[in-house]
Each structure stands twice: as structure tokens, then as C-alpha cells.
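Visitor: Quick mapping for you: the protein sequence lines, in order, are chains A and B. According to our numbering, the stretch in the first sequence is residues 1 to 240, in order. According to our numbering, the stretch in the second sequence is residues 1 to 233, in order. Would you mind keeping the following structure in view while I ask a few things?
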Amino acid sequence: MIIVKDLHKKFEHNHVLRGVSYHIQQGEKIVIVGPSGSGKSTFLRCLNLLETPTSGEIWFDGQLITNPKVNIDKIREHMGMVFQNFNLFNNLSIMDNITLAPVKLKLMGKEEASENALKLLARVGLSEKADAYPSQLSGGQKQRIAIVRSLAMNPRVMLFDEPTSALDPEMVGEVLDVMKELAESGMTMVVVTHEMGFAREVGTKVLFMDEGIIMEESEPAEFFSNPKCERLQDFLSKVL
Amino acid sequence: MQAWFEKVGGMFETAFITGDRWKLYISGLGVTLEIAFFAAILGLLIGTVLALMKLSTTRKGKKTIWARIANAYIDVIRGTPSVLQLLIMWFIIMANCKNGMLVAILSFGINSGAYVAEIVRAGILAVDKGQTEAGRSLGLSKAQTMIYIVIPQAVKNVLPPIGNEFIVLLKETAIVGYVSLTDLTRAANQISSRTYEAFMPLIGAAVIYFIIIKILTILLDRLERRLRKSDNR
Numbered sequence: 001m002i003i004v005k006d007l008h009k010k011f012e013h014n015h016v017l018r019g020v021s022y023h024i025q026q027g028e029k030i031v032i033v034g035p036s037g038s039g040k041s042t043f044l045r046c047l048n049l050l051e052t053p054t055s056g057e058i059w060f061d062g063q064l065i066t067n068p069k070v071n072i073d074k075i076r077e078h079m080g081m082v083f084q085n086f087n088l089f090n091n092l093s094i095m096d097n098i099t100l101a102p103v104k105l106k107l108m109g110k111e112e113a114s115e116n117a118l119k120l121l122a123r124v125g126l127s128e129k130a131d132a133y134p135s136q137l138s139g140g141q142k143q144r145i146a147i148v149r150s151l152a153m154n155p156r157v158m159l160f161d162e163p164t165s166a167l168d169p170e171m172v173g174e175v176l177d178v179m180k181e182l183a184e185s186g187m188t189m190v191v192v193t194h195e196m197g198f199a200r201e202v203g204t205k206v207l208f209m210d211e212g213i214i215m216e217e218s219e220p221a222e223f224f225s226n227p228k229c230e231r232l233q234d235f236l237s238k239v240l
Numbered sequence: 001m002q003a004w005f006e007k008v009g010g011m012f013e014t015a016f017i018t019g020d021r022w023k024l025y026i027s028g029l030g031v032t033l034e035i036a037f038f039a040a041i042l043g044l045l046i047g048t049v050l051a052l053m054k055l056s057t058t059r060k061g062k063k064t065i066w067a068r069i070a071n072a073y074i075d076v077i078r079g080t081p082s083v084l085q086l087l088i089m090w091f092i093i094m095a096n097c098k099n100g101m102l103v104a105i106l107s108f109g110i111n112s113g114a115y116v117a118e119i120v121r122a123g124i125l126a127v128d129k130g131q132t133e134a135g136r137s138l139g140l141s142k143a144q145t146m147i148y149i150v151i152p153q154a155v156k157n158v159l160p161p162i163g164n165e166f167i168v169l170l171k172e173t174a175i176v177g178y179v180s181l182t183d184l185t186r187a188a189n190q191i192s193s194r195t196y197e198a199f200m201p202l203i204g205a206a207v208i209y210f211i212i213i214k215i216l217t218i219l220l221d222r223l224e225r226r227l228r229k230s231d232n233r
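Quick look at the structure:
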């Protein structure tokens, strides 16, 4: 579904991605872990071209999206993204946050979008917040809304960029629960996270990134019980 | 004591009452307000366009030709005195136009636009980058993200400095006497040269400016407070 070939990204003199290649199949839940500065967030942000790769190819559903002629806005309609800092639109109510994109992009009428939004809000247990504003919500609630906002576009894949890193500890669970439920529904997911429990439980593959490359990839059980490269053994000994 | 009162009363009468002179201040104030109002609107339009031009980038994040044009505009306008700009407009660029009001509005609007541009640009940059990224990641275009998400939030940021700019603009119109318009300052000046008495007309004009700007300040404060309220809903 997403094929990445020899992806490089340089910021000024900082060579962040040094040749990443990977193939994400439909329905997979890819969890990416690694120390900070390893390039994992940059890799994720390259997938929907929030960062423009310096070189390399990204294919999405058979389309080369790194080609400058591609209309990236159209591609992004099918790729949801959830950010570390939620990034709910502060000037809009929760309902408008969710319906803005589907309505303005003419994918749905206003009423259909509202109905759909209410259904999604019920799914994450936040129906009563439809008329609230982002500043009235807790971090965990904001992140659940952010997930709903992406889902309202009916994306084919969801990208998560450290979705629980900015949350108070007691709110991490409620967000992970929503993500687990989403995983069970069959959504293709790519998740950058420090939640090793989530990686083990939900991931179909776990990738370890360091120094701008994928150093190791394997299934969760294997990944945690039998790490091969030394950097990963070192990393796991610190975080587990 | 009584003599002093009589003297001041007499000065007041010559400055404001005799020959219905108060009407001159009023019509002068009308000219001042008319120029300031239309120039402010023009400045806001020009400034917003310039700010967007200045913020435009190519796909690779480089400056566009539009950004360079906006930069040149701002440099030239900020680098020359507004009196000179007004005179150049009046005697050179629009030498065939006899409508001083139009020339003044254009000149001040063009001038104010350069300052507004920097204010608006700062206001847009102050909106968290994550807001733009979230908009773009949903498939909204650059323009849609600007219109529905960034600009509504930028408005709150720019209100205090924009108010400041309006106040500066209003007072700067005091130089339109150069293009033979009789604004509040020139009216006061004319009266003082007719009565050989400067105190009352000049202080009177200063008080009128002060009152107008005080009213403007109160209105802007109210607007700002109303917009801030939505932050804590």
C-alpha cells in the first residue's frame, strides 16, 4: 500500500534520513520506536509529505507521490495524521473541527458530515463535547477528537506521530484504547511511539530506527524477546 | 482674577465663536477623519496582500518573486518620509489630478500598507505551525488552511498593533495642508494666523485629536476583549 524506496532527508547540514526503504501492506500496524533524533518522526512526516524528502521515492496505492506533479492535497485526503500536540483548530468548535475538511473539500454535505461526526464522537465517548471548544478539553479528550477528525475523512491509512507523548500519564490509556479499537477495525496504521506495551500488543511489525535508518524490524514477540543488533538491545534495556 | 477670566473668555471667543469659526474646526475634523478612515481601509487591504506575498514560498521553501516585490515595496515606503510621499504623489505621480482628498487617501493608504504588512505577517507567523500542518494533513489546500484556520486566529494577534497603526495614521494626516486640504491642524493654523493668537486654536485642535483617539482606543479595547473571550469558552 505504501512503498518507500531509499528515502533521504537533509535539513541544512543535518542528514536525518539516510536511506530508508520499507513496504507497508494494507491492514498492517507498523510501530516505529527509537531514540530521539533517530529520524522516526521525520520518516512519518515524509509519508504524507509534510516534509519534502531530499531524495527517494514514496508510492501510495500505486501512485508515485514524491513526483512534484502529483496533487498532494488529494493524496492527503486518504492519509489521516495525528500529532503529538493534537493541533485541534483553536478557533473552531469540536463539531466544526471534525466537519471542516469533509465539507470544504466537498466530500460530504454539511448535514451528512455532522451526522457522521456525531457517530464518530459517540465511538470515542465524547458526544457531549460537540459544541465545546478545544481550550475546554483535557489533553486526552483533545487527542481523541484529533483522531476522530482524521477518521471523518475516511482515510485508508492513519499516521500517528507520538500521539501520547504530550499527555499526562493518567490520560495515556484512554487514547491508546481508541487506537486499539481502531486497529481491531482493520485500519492500516503507522505509529511512532514510546509506548512499548502498545507496540507489543497491537503492532504487526515493530521497526527500530536509529541514525536515520531502519536498524531492525521484526514481529513484536521476536522484537522484544530476541533483539539482534546491539543498539536495539541497549535501547530496550533502557526503556523496558 | 476677574480680569484673567475676561481675557481667557475673550481669547476663546475670538478662537471659536467670532464669525462661526467653530465650523472651521468641525469641517477640518471631517477632512481628517475622512482621509484617515479610507486610508486605513486601503492600508489594511494593501498590507494583508503584501503580508501574504511576503510569506509565499516555493515548493522547496525558497522566496518567490512575489515576496521580493513585497520586500521592495516595504523598503521604499518605510525608507522615505510620508510628507515627501504625499508631495511626490501630488506634484509628480498624480500631477493632473486636482482632487487633493483622493491623492491624500491614496498616499496615506499606500504608506500605511507597508507598516500593516509587517504587523499582519507577524500575526500570521505567531499562529502555531501545527495548525497549518493539521489543516494540510487533512487535504485542505494552502489557501483553505489560511482562510479557515490561520487568519481567524491571526486577527486576534494583530488587533493591538493594528490599533496602534490606526492611531499613528490618524495623526499623520496632519500634514495634508501640503496638498491644500484644510484638515483640523490646518484649520487651527489658519485661525491663529488670522487672529494673531496661537494658544486657543492650537490647544483646541490638540484636545479634539486627543478625544477622537481616546474614543478609538476604547472601541478597540472592547473589540479585543470580545475576541479574547472566545479563547476561554
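All residues carry an ideal CB built from backbone N, CA and C; glycine is no exception. Keep in mind it's a predicted model, so treat the numbers as computed, not measured.
Measure the C-alpha to C-alpha separation of alanine 114 (chain B) and leucine 106 (chain B) and round it to an integer number of angstroms.
Guide: In the second sequence, residue 114 (chain B) corresponds to position 114, counting from 1. In the second sequence, residue 106 (chain B) corresponds to position 106, counting from 1. Rounded to the nearest angstrom, the two C-alpha atoms are 13 Å apart.
Visitor: Report the three-state DSSP secondary structure of glutamine 26 (chain A) (helix, strand or coil).
Guide: The residue you call residue 26 (chain A) lines up with position 26 of the first sequence. It is coil, neither helix nor strand.
Visitor: Name the chain B residues whose beta carbon is nearer than 9 Å to that of leucine 50 (chain A)?
Guide: As a position in the first sequence, residue 50 (chain A) is number 50, starting the count at 1. The answer, in chain order, is Glu133, Arg136, Ser137.
Visitor: By DSSP, does glutamine 9 (chain A) sit in helix, in strand, or in coil?
Guide: Indexing the first sequence from 1 puts residue 9 (chain A) at position 9. First, the amino acid is wrong: residue 9 (chain A) is lysine here, not glutamine. The answer is strand: DSSP assigns lysine 9 (chain A) an E or B state.
Visitor: Along the stretch 89-101 of chain A, what residues have a CB closer than 7 Å to any CB found in chain B?
Guide: Phe89, Asn90, Asn91, Leu100, Ala101
Visitor: Using a Cβ-Cβ cut-off of less than 8 Å, give me the residues of the stretch 53-69 of chain A that come near chain B, in sequence order.
Guide: Pro68
Visitor: Cα separation between isoleucine 32 (chain A) and isoleucine 119 (chain B)?
Guide: Here residue 32 (chain A) refers to the residue found at position 32 of the first sequence. Here residue 119 (chain B) refers to the residue found at position 119 of the second sequence. The alpha-carbon separation between isoleucine 32 (chain A) and isoleucine 119 (chain B) amounts to approximately 42 Å.
Visitor: Give a yes or no on contact between the stretch 133-151 of chain A and the stretch 17-31 of chain A, applying the rule of three or more CB pairs nearer than 8 Å.
Guide: no
Visitor: For threonine 14 (chain B) and isoleucine 41 (chain B), what's the separation of their Cα atoms in angstroms?
Guide: Reading the second sequence from its first residue, position 14 is the one you call residue 14 (chain B). Reading the second sequence from its first residue, position 41 is the one you call residue 41 (chain B). If you take the alpha carbons of threonine 14 (chain B) and isoleucine 41 (chain B), they lie about 37 Å apart.
Visitor: Contact between the stretch 169-188 of chain A and the stretch 155-168 of chain B: three or more CB pairs below 8 Å?
Guide: By the C-beta criterion, the stretch 169-188 of chain A is judged not to be in contact with the stretch 155-168 of chain B, since fewer than 3 inter-stretch pairs fall below 8 Å.
Visitor: Determine the closest residue to glutamine 153 (chain B) out of A:Leu92, A:Asn226, A:Asp6, with distance taken between C-alpha atoms.
Guide: Sequence index remark: in the second sequence, residue 153 (chain B) carries index 153 (1-based). The option with the nearest alpha carbon to glutamine 153 (chain B) is A:Leu92.
Visitor: Quick one: give me the first and last residue of the alpha helix (DSSP H) that isoleucine 213 (chain A) is part of.
Guide: As a working note, residue 213 (chain A) is residue 213 in the first sequence. Run containing isoleucine 213 (chain A): none in the alpha helix (DSSP H); it sits in the beta strand (DSSP E), 213-218.
Visitor: Using alpha carbons as the reference points, say which of A:Met1, A:His8, A:Lys29, A:Gly56 lies closest to glutamate 219 (chain A).
Guide: Counting from one through the first sequence, the residue named residue 219 (chain A) turns up at place 219. Selected option, being the one with the closest Cα: A:Lys29.
Visitor: Do you know whose CA, among B:Pro81, B:Ile212, B:Ala205, B:Asp128, lies nearest leucine 33 (chain B)'s CA?
Guide: In the second sequence, counting from the first residue as 1, residue 33 (chain B) sits at position 33. Answer by Cα proximity: B:Ile212.
Visitor: Please confirm if serine 141 (chain B) has its CB atom under 7 Å from at least one CB of chain A.
Guide: The count along the second sequence starts at 1 and reaches residue 141 (chain B) at position 141. Cβ-Cβ to chain A under 7 Å: yes for serine 141 (chain B).
Visitor: Please look up how many angstroms separate the CB atoms of valine 274 (chain A) and alanine 146 (chain A), rounded, as I've assumed it's under 8 Å.
Guide: Past the edges of chain A, shown from 1 to 240, lies residue 274 (chain A), and the structure says nothing about it.
Visitor: Spatial neighbours of isoleucine 94 (chain A) within its chain, please: C-beta separation below 6 Å, excluding the five flanking residues on both sides.
Guide: The residue you call residue 94 (chain A) lines up with position 94 of the first sequence. Shown here for isoleucine 94 (chain A): same chain residues with a beta carbon closer than 6 Å to its own, the five before and five after excluded, namely Lys129, Ala130, Ala132, Ile145 in chain order.
Visitor: Express the C-alpha separation of valine 76 (chain B) and lysine 119 (chain A) in angstroms, rounding to a whole number.
Guide: The residue labelled residue 119 (chain A) in the question sits at position 119 within the first sequence. The residue labelled residue 76 (chain B) in the question sits at position 76 within the second sequence. Using only the alpha carbons, I get a separation of about 56 Å.
Visitor: Quick one: does glutamate 77 (chain A) have its CB under 7 Å from some CB of chain B?
Guide: Counting from 1 along the first sequence, the entry for residue 77 (chain A) is found at position 77. Judged by the 7 Å Cβ criterion, glutamate 77 (chain A) is in contact with chain B.
Visitor: Less than 8 Å between C-beta atoms, sequence neighbours within five positions excluded: which residues of the same chain meet that for glutamate 195 (chain A)?
Guide: In the first sequence, counting from the first residue as 1, residue 195 (chain A) sits at position 195. The residues are Thr164, Val172, Leu176.
Visitor: Can a CB atom of chain D be found closer than 7 Å to the CB of isoleucine 149 (chain B)?
Guide: No chain D appears in this structure, whose protein chains are A and B.
Visitor: Where does isoleucine 92 (chain B) land, buried or exposed, given buried means 16+ other C-beta within 10 angstroms?
Guide: For this step, residue 92 (chain B) is matched to residue 92 along the second sequence. With fewer than 16 Cβ atoms within 10 Å of its Cβ, isoleucine 92 (chain B) is classed as exposed.
Visitor: Could you tell me whether the Cβ of glycine 130 (chain B) comes closer than 7 Å to any Cβ of chain A?
Guide: As a position in the second sequence, residue 130 (chain B) is number 130, starting the count at 1. So, interface residue.
Visitor: Please list, in chain order, the residues of the stretch 74-100 of chain B that have any C-beta partner in chain A closer than 9 Å.
Guide: none
Visitor: So which residues of chain A does arginine 59 (chain B) contact, with C-beta pairs closer than 9 Å?
Guide: The sequence position of residue 59 (chain B) within the second sequence is 59, counting from 1. Near arginine 59 (chain B) (Cβ distances below 9 Å), the residues of chain A are Thr52, Pro68.
Visitor: Only counting runs of 4 or more residues, tell me where the alpha helix (DSSP H) segments fall wholly within the stretch 53-110 of chain A, in order along the chain.
Guide: 72-76, 94-104
Visitor: So what's valine 150 (chain B) in DSSP terms, helix, strand or just coil?
Guide: Position 150 of the second sequence holds residue 150 (chain B). Note: valine 150 (chain B) maps to helix in three-state DSSP.
Visitor: Report the residue from B:Met101, B:Met1, B:Ala117, B:Ile65 whose alpha carbon sits nearest the alpha carbon of isoleucine 46 (chain B).
Guide: For this step, residue 46 (chain B) is matched to residue 46 along the second sequence. The candidate whose alpha carbon is nearest that of isoleucine 46 (chain B) is B:Ala117.
Visitor: With a threshold of 7 Å between beta carbons, is methionine 81 (chain A) in contact with chain B?
Guide: Taking the first residue of the first sequence as 1, we reach residue 81 (chain A) at position 81. The beta carbon of methionine 81 (chain A) falls within 7 Å of a beta carbon belonging to chain B, placing the residue at that interface.
Visitor: Would you call the stretch 209-223 of chain A and the stretch 2-19 of chain A in contact, with 3 or more CB pairs under 8 Å?
Guide: yes
Visitor: I'd like to know whether the C-beta of lysine 142 (chain A) is nearer than 7 Å to at least one C-beta of chain B.
Guide: One-based indexing of the first sequence puts residue 142 (chain A) at position 142. Judged by the 7 Å Cβ criterion, lysine 142 (chain A) is not in contact with chain B.
Visitor: List the whole-angstrom C-beta distance separating serine 55 (chain A) from valine 192 (chain A), where the pair is believed to meet the contact cut-off of C-beta under 8 Å.
Guide: Counted from its first residue, the first sequence places residue 55 (chain A) at position 55. Counted from its first residue, the first sequence places residue 192 (chain A) at position 192. With 8 Å as the limit, serine 55 (chain A) and valine 192 (chain A) do not qualify as a contact, their Cβ atoms being about 22 Å apart.
Visitor: From A:Lys69, A:Asp161, A:Val202, A:Val178, pick the residue whose C-alpha is nearest to that of methionine 271 (chain A); which is it?
Guide: One cannot answer for residue 271 (chain A) here, as it falls past the ends of chain A, which runs 1 to 240.
Visitor: For tryptophan 166 (chain B) and methionine 11 (chain B), which I take to be in contact (beta-carbon distance under 8 Å), what is that distance rounded to the nearest angstrom?
Guide: In the second sequence, counting from the first residue as 1, residue 166 (chain B) sits at position 166. In the second sequence, counting from the first residue as 1, residue 11 (chain B) sits at position 11. Looking at the sequence shown, residue 166 (chain B) is not tryptophan but phenylalanine. That belief does not hold up - the Cβ atoms of phenylalanine 166 (chain B) and methionine 11 (chain B) are roughly 33 Å apart, past 8 Å.
Visitor: Provide the residue span of the beta strand (DSSP E) that contains methionine 153 (chain A), from first to last.
Guide: As a working note, residue 153 (chain A) is residue 153 in the first sequence. Per DSSP, methionine 153 (chain A) belongs to no beta strand (DSSP E) and is neither H nor E.
Visitor: Kindly indicate which three-state DSSP category asparagine 14 (chain A) falls into: helix, strand or coil?
Guide: Numbered from its first residue, the first sequence carries residue 14 (chain A) at position 14. Reduced to three states, the DSSP call for asparagine 14 (chain A) is strand.
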